[in-house]
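Novice: Pasting a structure here, questions to come.
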Amino acid sequence: MELGFTADETRFAADVRVFLRANPPETFPVDGMDAGYGSGAVSRAFLRALGERGWIAMTWPHEFGGAAQPFTHKLVLLEELAAAGAPFGPLEGCDQTAESIMHYGSERLRRELLPRIARGDATFWQGFSEPEAGSDLLSLKSEASLDGDDYVIRGHKIWSSHAGVADYGLVLARTRREARRSHGLSMFVVDNRTSGMDIRPIRSMTGGVYHYEVFLDAVRVPKDFLLGREGEGFVQLLRGLDTDRFWGRFYKAPSLKRTLSGLVEYANTTVRHGQPLARDLVIRRRLSELATELEVIRLLFYRTGWMIERGMPTPYESALGKVFADETGQKLAALGMEMLGPYGSLTGDSRWAPLRGEIQHVYQTSLGHTIAGGTSEILRTTIATRGLGLPREARS
Amino acid sequence: MDFSLGEPQRLLVNLARAFLREHCPPELVQQLALDPRGFSDDLWKRMSALGWPGLLVPGSFGGSEGTLLDVVLLVEEMGRACLPSPFIHSSVVATSLIVDAGSRRQQSAFLPSLALGDRLMTLALTEEAAGFHPDDVALKGEPGGRLSGRKLFVKDAHLADHVIVVARGSGGFNLFVIDSGRSGVTLAPMPNISGDKLFEVDLNEVAVTDDDLLGGAGRGWDALAPALRLGALARAAEMVGCAQRALELSVEYAKVRVQSGRPIGSFQAIQHHCADLLRDVEGARSMVHVAAWNVHEAQSGAETFVAMAKAHAGAACLRVARKAHQILGAISYCEEHPLHLFHKRILTAAQDFGDAGVHLETVAQAIGLV
């Protein structure tokens, strides 16, 4: 057992911090809202700056233009970026997509897209969920059929993060109606600029736009933009699902630690009933409990990362980490709102808003976290069946 | 990072699990819980033969030179079997005090027999304030003087050959190693719901000398603080073991108990309870491991990790115990079902070496709250 960073990892973390001091995250223009997961807002300029440092592709193999750095460097990078509140929004999605392209993509996809991803020039959205296919994804209705050298896709996707500010979608569509539900799906890379694409923003309760709804009306996709083989889409999705959940929430602990530090500062400098709020025993204890939970969550994610790096199966670990992180995030945000009292609901536009109005934003976005990427209910069932071997409930 | 256990540690865990399965079945635990003495000499002898009491003792004194990580892994297995034993108080806390703060003479006199399991010690710290903070200690005592007062919640005082008494001196705290048979020392049991045997230790004009002093006059608390952290960490590991067993009992039962024509484990309400149990057990265990690693590596911040491990394990493992009762239903309310033994052990362990309040205050200061 060795639970510390290597000298190399410590050095790399220091490099990232130096970079962040030289390139203060708040000076980059923002193109899209953050999800509150911890990955920050979308900023193409910031992503390009990371690309220039070679950090987007650093863990890719040499043959795809990467530097074959160890897996843990990615953990170190994401942790530092999240701790600094940097706008690295679509980075994790880009990396996941790059991995899919390296694994399943045609020569053309690899040649055209990987270098652009590495530079921070190409970002992606996921087109999986549909209005009638949420937790029950297999009931999706979008269809793709081969017509000459193109697939023609017709369908309706929803809850696609960043779709309006990204370049390409990863779209899951049915290519064989007669096949078993899970065998008839295929995964496509779809260029946002293709004719027939209609991408509409969904304004969220925060007042900002994070999700989009995408209508695909006879969208023609070159057949080498199919990832892997026809009918392989769901298998690809499942293969990536555990790690998707991992990457989707890995940076949540450092990000929430940043939120907690803000609340500690607020508690120290705010006088209530004649004493600093920090001396209120209830507040003091709850902040300490949550700081402890965040440390536990960070550890569980590092442990899962270590398992993924070793190629060990992680049937439930990411689901467990996600449920934990998202629920603790909600608790922290709720405590923050309580601590701020009437100031809690002020937006950053008010000069009276404490902590730049961030707490109400964390509070609101945290509500979506236990829904997106697998609801906490679905994931608890996953943990129970795949982690503990409890019998599956009969499905219709 | 490497989260895997080394080969010797895997062997230790496997050995401990097999040994305790054979020699410490739930029936024995139940029997010892009801027995006023609550100690199996035979079992302790067998554990001693495996070298367990000597894990923290240097080889030069006959110890087996284990690490703190070995200790937490072993104690977790002890918790998983709900083993009643003086291991944590004698072989971890008192032994580490003698190793770290004992004079050469005390080390030679005590360590070889502690390592063999032939000698047992316990710590007499808490009083009516029932806390582990210096302010909670009122008993006064100077070397060459006499101790008169009362210590409470002293674990296994009836088995201990020596009691390490914490007293307030003029220049700071003093620790005295006293024969439990010394004139003026009397014990009274504190009957409680757990299998832990707790005692009131009454001290009536008990003479103490320079020779009894452990760790230098006035410097007792400096010596005591790291030992209390080891105690807290070991108790946290024990709770994780207890919670692990509660989880196993729940899941095993949920797979075979059929109601309305299907195993109750196929109902989402039960599945989701079980998922929460797993989360609490895995989270608490990770924290115990990382705390042990930090103490072992003498990392800055180790103290905070121990505090987090103890506070979190207490809360998380009690949640596990309570929810396990809900999953297991009426059968777990019976004395013959072992769950209550694990639950009660967690209740006691959560209080020992500092409750959540004490440890969360350490965390509060570490995160910068004024």
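For the record, the sequence lines run as chains A and B.
Here the first sequence stands for residues 1 to 396, numbered as in this note's numbering.
Here the second sequence stands for residues 1001 to 1370, numbered as in this note's numbering.
The beta-carbon is built from N, C-alpha and C at its ideal position, and this holds for glycine as well.
Return the residues of the stretch 128-139 of chain A that lie within a Cβ-Cβ distance of less than 8 Å from chain B, sorted by chain order.
Specialist: The stretch 128-139 of chain A vs chain B, Cβ under 8 Å: nothing.
Novice: Taking 8 Å as the CB-CB limit, is ASN268 of chain A close to chain B?
Specialist: The residue labelled residue 268 of chain A in the question sits at position 268 within the first sequence. Answer yes: the Cβ-Cβ gap between ASN268 of chain A and chain B drops below 8 Å somewhere.
Novice: Here's a check: name, in chain order, each residue in its chain whose Cβ is nearer than 6 Å to the Cβ of GLY164 of chain A, leaving out the five neighbours to either side.
Specialist: For the purposes of this step, residue 164 of chain A is taken as residue 164 along the first sequence, with counting starting at 1. Answer for GLY164 of chain A: ILE199, PRO201 and TYR212, listed in chain order.
Novice: Do you know whose CA, among A:ASP167, A:LEU140 and A:ALA144, lies nearest ILE158 of chain A's CA?
Specialist: In the first sequence, the residue the question calls residue 158 of chain A occupies position 158. It is A:LEU140.
Novice: Is ARG1319 of chain B close to the ligand GDP? I mean its beta-carbon at under 7 Å from any heavy atom of the ligand.
Specialist: Only the bare structure without any ligand can be found here, which leaves the ligand GDP out of the picture.
Novice: Answer with yes or no whether the minimum CB distance from MET1 of chain A to chain B is below 8 Å.
Specialist: As a first step, residue 1 of chain A is located in the first sequence; it is residue number 1 there, counting from the start. By this cut-off, MET1 of chain A is an interface position.
Novice: Grab the span of the beta strand (DSSP E) containing THR121 of chain A for me, first residue to last.
Specialist: To locate residue 121 of chain A, count along the first sequence from 1; it is residue 121. The sequence shown places Asp at residue 121 of chain A, rather than the Thr named in the question. No beta strand (DSSP E) contains ASP121 of chain A, which DSSP labels as neither H nor E.
Novice: Mind checking the stretch 284-303 of chain A against chain B and listing, in chain order, the residues whose C-beta falls within less than 8 Å of any C-beta there?
Specialist: Listed in sequence order: ARG284, ARG285, LEU287, SER288, GLU289, ALA291, THR292, GLU293, GLU295, VAL296, ILE297, LEU299, LEU300, TYR302 and ARG303.
Novice: Around the Cβ of GLY1261 of chain B, are there at least 16 other Cβ atoms within 10 angstroms (buried) or fewer (exposed)?
Specialist: On the second sequence, position 261 is the one that residue 1261 of chain B refers to. Exposed: under 16 other Cβ atoms inside 10 Å.
Novice: Quick one: is LEU113 of chain A buried, meaning 16 or more other Cβ sit within 10 Å of its Cβ, or exposed?
Specialist: Translated into positions along the first sequence, residue 113 of chain A becomes position 113. By the neighbour-count rule (16 or more Cβ atoms within 10 Å), LEU113 of chain A is buried.
Novice: Taking C-beta to C-beta, are VAL1163 of chain B and VAL1201 of chain B nearer than 8 Å?
Specialist: Position 163 of the second sequence, counting from 1, holds the residue named residue 1163 of chain B. Position 201 of the second sequence, counting from 1, holds the residue named residue 1201 of chain B. Yes, the Cβ-Cβ distance between VAL1163 of chain B and VAL1201 of chain B is below 8 Å.
Novice: Quick one: measure Cβ to Cβ for GLY357 of chain A and THR370 of chain A, integer angstroms, because I've assumed they're closer than 8 Å.
Specialist: Looking up residue 357 of chain A in the first sequence gives position 357. Looking up residue 370 of chain A in the first sequence gives position 370. About 23 Å; that fails the 8 Å criterion.
Novice: Find out if the Cβ-Cβ distance for the pair LEU1020 of chain B, ALA1081 of chain B is shorter than 8 Å.
Specialist: For the purposes of this step, residue 1020 of chain B is taken as the residue at position 20 of the second sequence. For the purposes of this step, residue 1081 of chain B is taken as the residue at position 81 of the second sequence. Yes. Within cutoff.
Novice: Taking the alpha-carbon positions, what's the GLY1220 of chain B to ALA1160 of chain B distance?
Specialist: Taking the first residue of the second sequence as position 1, residue 1220 of chain B is located at position 220. Taking the first residue of the second sequence as position 1, residue 1160 of chain B is located at position 160. Between GLY1220 of chain B and ALA1160 of chain B, the C-alpha separation is close to 20 Å.
Novice: Please tell me whether ILE1367 of chain B has its Cβ less than 8 Å away from any Cβ of chain A.
Specialist: Against the second sequence, residue 1367 of chain B aligns to sequence position 367. Cβ-Cβ to chain A under 8 Å: yes for ILE1367 of chain B.
Novice: Give a yes or no on whether the minimum CB-CB distance between LEU241 of chain A and chain B is below 8 Å.
Specialist: One-based indexing of the first sequence puts residue 241 of chain A at position 241. Output row for LEU241 of chain A: interface = no.
Novice: Please check if any C-beta of chain B sits within less than 8 Å of the C-beta of GLY4 of chain A.
Specialist: Within the first sequence, residue 4 of chain A is the residue found at index 4, counting from 1. Chain B, which has a Cβ nearer than 8 Å to the Cβ of GLY4 of chain A, makes this yes.
Novice: Name the residues in the stretch 376-392 of chain A whose C-beta lies less than 9 Å from a C-beta of chain B; which are they?
Specialist: Those would be SER376, GLU377, LEU379, ARG380, THR381, THR382, ILE383, ALA384, THR385, GLY387, LEU388, GLY389, LEU390, PRO391 and ARG392, in chain order.
Novice: Is there a C-beta anywhere in chain A that falls below 8 Å from the one on MET1001 of chain B?
Specialist: Stepping through the second sequence from its first residue, residue 1001 of chain B is reached at position 1. So, interface residue.
Novice: For the stretch 45-75 of chain A, enumerate the residues whose C-beta is nearer than 8 Å to any C-beta of chain B, in chain order.
Specialist: Per Cβ criterion, the list reads THR72.
Novice: Compute the beta-carbon to beta-carbon distance between ASP1210 of chain B and GLY1169 of chain B, rounded to the nearest angstrom, for a pair I have assumed lies under 8 Å.
Specialist: Mapped onto the second sequence, residue 1210 of chain B falls at position 210. Mapped onto the second sequence, residue 1169 of chain B falls at position 169. Not really, about 12 Å apart at Cβ, beyond 8 Å.
Novice: Once DSSP output is grouped into helix, strand and coil, what is the label at THR314 of chain A?
Specialist: Sequence index remark: in the first sequence, residue 314 of chain A carries index 314 (1-based). In the structure shown, THR314 of chain A sits in coil (DSSP, three-state: anything other than H, G, I, E or B).
Novice: If we ignore side chains and look at the alpha-carbon of each, how far apart do ALA179 of chain A and SER186 of chain A end up?
Specialist: Walking along the first sequence from the start, residue 179 of chain A turns up at place 179. Walking along the first sequence from the start, residue 186 of chain A turns up at place 186. Roughly 12 Å between the two C-alpha positions.
Novice: Under 7 Å Cβ to Cβ from THR941 of chain B, same chain only, skipping five residues before and after it: list those, please.
Specialist: With chain B covering only 1001 through 1370, there is no way to say anything about residue 941 of chain B.
Novice: Would you decide whether TRP1052 of chain B is buried or exposed? Buried here means 16 or more other CB atoms lie within 10 Å of its CB.
Specialist: For the purposes of this step, residue 1052 of chain B is taken as the residue at position 52 of the second sequence. TRP1052 of chain B should be labelled buried.
Novice: In the DSSP assignment, what are the bridge partners of ASN1174 of chain B?
Specialist: Counted from its first residue, the second sequence places residue 1174 of chain B at position 174. DSSP output for ASN1174 of chain B lists B:ALA1167 as bridge partner(s).
Novice: In chain order, what are the residue ranges of uninterrupted beta strand (DSSP E) at least 3 long that sit wholly in the stretch 1103-1135 of chain B?
Specialist: Entirely contained in the stretch 1103-1135 of chain B, the beta strand (DSSP E) runs reaching 3 residues are, in chain order, 1121-1124.
Novice: Closest Cβ-Cβ distance between ARG1146 of chain B and chain A: below 8 Å?
Specialist: Here residue 1146 of chain B refers to the residue found at position 146 when the second sequence is read from its first residue. It does not: the Cβ of ARG1146 of chain B has no partner Cβ on chain A nearer than 8 Å.
Novice: Which term fits TYR1333 of chain B, buried or exposed, when burial requires 16 or more other beta carbons within 10 angstroms of its beta carbon?
Specialist: Translated into the one-based positions of the second sequence, residue 1333 of chain B becomes position 333. So TYR1333 of chain B ends up on the exposed side.
Novice: How is THR304 of chain A classed by DSSP in three states: helix, strand or coil?
Specialist: What you label residue 304 of chain A is simply residue 304 of the first sequence in a count that begins at 1. Reduced to three states, the DSSP call for THR304 of chain A is helix.
Novice: Kindly identify the DSSP beta-bridge partner or partners of PHE28 of chain A.
Specialist: To locate residue 28 of chain A, count along the first sequence from 1; it is residue 28. None, per the DSSP bridge assignment.
Novice: Less than 8 Å separating the beta-carbons of TRP306 of chain A and GLN96 of chain A?
Specialist: Counting from one through the first sequence, the residue named residue 306 of chain A turns up at place 306. Counting from one through the first sequence, the residue named residue 96 of chain A turns up at place 96. Result no, Cβ atoms of TRP306 of chain A and GLN96 of chain A do not sit closer than 8 Å.
Novice: What does ILE202 of chain A pair with, by DSSP beta-bridge criteria?
Specialist: Indexing the first sequence from 1 puts residue 202 of chain A at position 202. DSSP lists A:HIS211 as partners of ILE202 of chain A.
Novice: Mapping DSSP to helix, strand and coil, what is THR97 of chain A?
Specialist: Taking the first sequence and counting its residues from 1, one reaches residue 97 of chain A at position 97. Helix at THR97 of chain A.
Novice: For ALA86 of chain A, collect the residues of the same chain with a Cβ closer than 6 Å to its Cβ; drop the 5 residues on either side in sequence, then sort them by chain order.
Specialist: The count along the first sequence starts at 1 and reaches residue 86 of chain A at position 86. Here the set comprises PRO25 and GLY40.
Novice: Is ILE1367 of chain B helix, strand or coil by DSSP?
Specialist: Position 367 of the second sequence, counted from the start, is the residue given in the question as residue 1367 of chain B. ILE1367 of chain B falls in the coil class under three-state DSSP.
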